[in-house]
Ligand code: G1P
């Protein structure tokens with residue numbers, strides 16, 4: 060079985076749900092506590108053993124490439140002012156030289172098209188895909204969990220979570236077959252189905268390990284939901300010839316592409332940090348008490 064060495068992180072999306080903040084700043088650079096959203100996906104990938112990350116970018120995203128570069132002026136200033144802890148923290152976040160590539164998706168045509176843009180850099184080997192809007196919280200990191208199942212099964216493995224049955228039209232939804240290890244066989248995949256047409260309420264949560272044959276399928280994939288080239292539609296065709304498994308995630312994903320998910324992520328990560336949890340907990344309690352008083356008075 061070939062090792063999964065490379066990961067694709069698509070960062071070309073327009074972020075219209077976060078306007079006006081995303082008018083001049085990529086949505087992937089919005090901070091969850093003090094790190095940009097994209098940093099969480101990069102950490103998760105390297106922690107799962109990935110050696111090289113391919114970012115699929117677009118216009119107005121150059122700041123993401125700069126973020127993963129050295130910043131000599133900042134380093135000089137931190138050195139001069141003796142801020143060694145901050146300097147070390149910054150350096151620990153930097154990928155080693157040569158561990159990143161940046162590919163342009165010249166026009167937004169959907170997730171399937173963005174992934175297809177990475178085909179030359181990935182080549183003929185299995186790869187991971189992380190959608191950075193979905194920020195992994197708890198568990199061992201979602202990619203590490205699906206990599207464990209992949210080590211037993213090979214083939215293709217995606218991570219899933221349960222969603223509210225009324226919300227299936229927001230996601231790709233899978234059908235459940237026989238149990239395999241800690242996961243199960245995928246019997247169907249439907250992109251954004253109405254609840255009546257959803258094969259279950261297990262949704263694809265944004266972490267994938269895929270075989271390279273997906274690229275030729277994406278190359279001739281017809282447009283699907285939202286008139287976009289959908290990755291899920293190409294995965295359906297891949298599953299006709301290859302094994303396909305799903306692994307329920309033991310933590311949870313915060314959808315930082317939505318305002319509610321973004322706020323949830325900020326609160327959850329702040330409450331998980333020793334340097335902040337007490338102050339944030341007290342603040343939340345105070346907010347709730349004030350809110351309740353307002354509701355009672357109304
Ligand atoms: C994409 C995928 C979908 C998946 C979702 C997770 O949709 O197409 O299958 O469930 O990410 O966030 P998007 O959010 O790009 O519409």
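Numbering (the working numbering), first residue to last: 60 to 357.
C-beta atoms are modelled at their ideal positions from N, C-alpha and C, and glycine is treated no differently.
It should be emphasised that the depicted structure is a prediction, and the values quoted were computed from it without experimental measurement.
Close beta carbons around residue 359, own chain, < 6 Å, minus the five adjacent residues each side: An answer regarding residue 359 cannot be provided, because it is not within the stretch 60 to 357 covered by the chain.
Quick one: grab the DSSP three-state call for residue 311. strand
Would you say the beta carbon of residue 264 is closer than 8 Å to some non-hydrogen atom of ligand 1? yes
Residue from 228, 272, 265, 240 with nearest C-alpha to residue 259: 228
What does the alpha-carbon distance come out to for the pair residue 68 and residue 355? 47 Å
Using the beta-carbon count (16 or more within 10 Å), is residue 130 buried or exposed? exposed
Quick one, are the C-beta atoms of residue 389 and residue 266 less than 9 Å apart? For residue 389 there is no data in the structure shown, the boundaries of the chain being 60 and 357.
Can we say the region 318–335 touches the region 282–295, given the rule of at least three CB pairs closer than 8 Å? no
Beta-carbon proximity list for residue 311, same chain, < 7 Å, skipping 5 on both sides: Hits under 7 Å: 196, 197, 220.
Is residue 205 closer than 9 Å to residue 112 when the C-beta atoms are compared? no
Supposed contact pair residue 324 and residue 313 - C-beta distance, whole angstroms, cut 8 Å: With 8 Å as the limit, residue 313 and residue 324 qualify as a contact, their Cβ atoms being about 4 Å apart.
Less than 8 Å between the CB of residue 230 and some heavy atom of ligand 1, yes or no? yes
Which whole-angstrom value describes the C-beta separation of residue 66 and residue 109, a residue pair presumed to lie in contact below a C-beta threshold of 8 Å? 4 Å
Taking 8 Å as the cut-off, is the beta-carbon of residue 223 closer than that to any non-hydrogen atom of ligand 1? no
Coarse secondary structure for residue 230, derived from DSSP in three states: coil
Apart from the five residues just before and just after residue 240, which ones in its own chain have a Cβ nearer than 6 Å to its Cβ? For residue 240, where only same-chain residues beyond five positions count, the Cβ hits under 6 Å are 208, 211.
Can you tell me which residues form a DSSP beta bridge with residue 220? 262
In whole angstroms, give me the CA-to-CA distance for residue 298 and residue 247. 9 Å
Pairwise C-alpha distance: residue 222 and residue 255: In this structure, the alpha-carbon of residue 255 lies about 14 Å from that of residue 222.
Through-space distance from residue 345 to residue 352, alpha-carbon basis: 11 Å
Can the beta-carbon of residue 231 be found closer than 9 Å to that of residue 250? A contact, by the Cβ cut-off of 9 Å.
If you run the structure through DSSP and keep just helix, strand and coil, what is residue 89? coil
Please check the pair residue 272 and residue 306, which I expect to be a contact at CB under 8 Å, by giving their CB distance rounded to whole angstroms. Rounded, the Cβ-Cβ distance is 20 Å, inconsistent with contact.
In its own chain, which residues sit with a C-beta less than 7 Å from the C-beta of residue 70, not counting the 5 before and 5 after it? 85, 87, 97, 114, 115, 116, 120, 123, 191
Compute the minimum distance between the beta carbon of residue 86 and the heavy atoms of ligand 1, and state whether it is under 8 Å. no
Please classify residue 216 as buried or exposed, where buried requires at least 16 neighbouring CB atoms within 10 angstroms. buried
Per DSSP, which residues does residue 188 bridge with? Please list them. 67, 267
Give the range of the alpha helix (DSSP H) segment to which residue 275 is assigned. 273–278
For residue 105, report the span of its alpha helix (DSSP H) as first-last. 96–106
Coarse secondary structure for residue 201, derived from DSSP in three states: Helix, per DSSP.
Do residue 281 and ligand 1 come close, with the Cβ less than 8 Å from some heavy atom? The answer is no for residue 281.
C-alpha distance - residue 357 paired with residue 349, whole-angstrom precision: 12 Å
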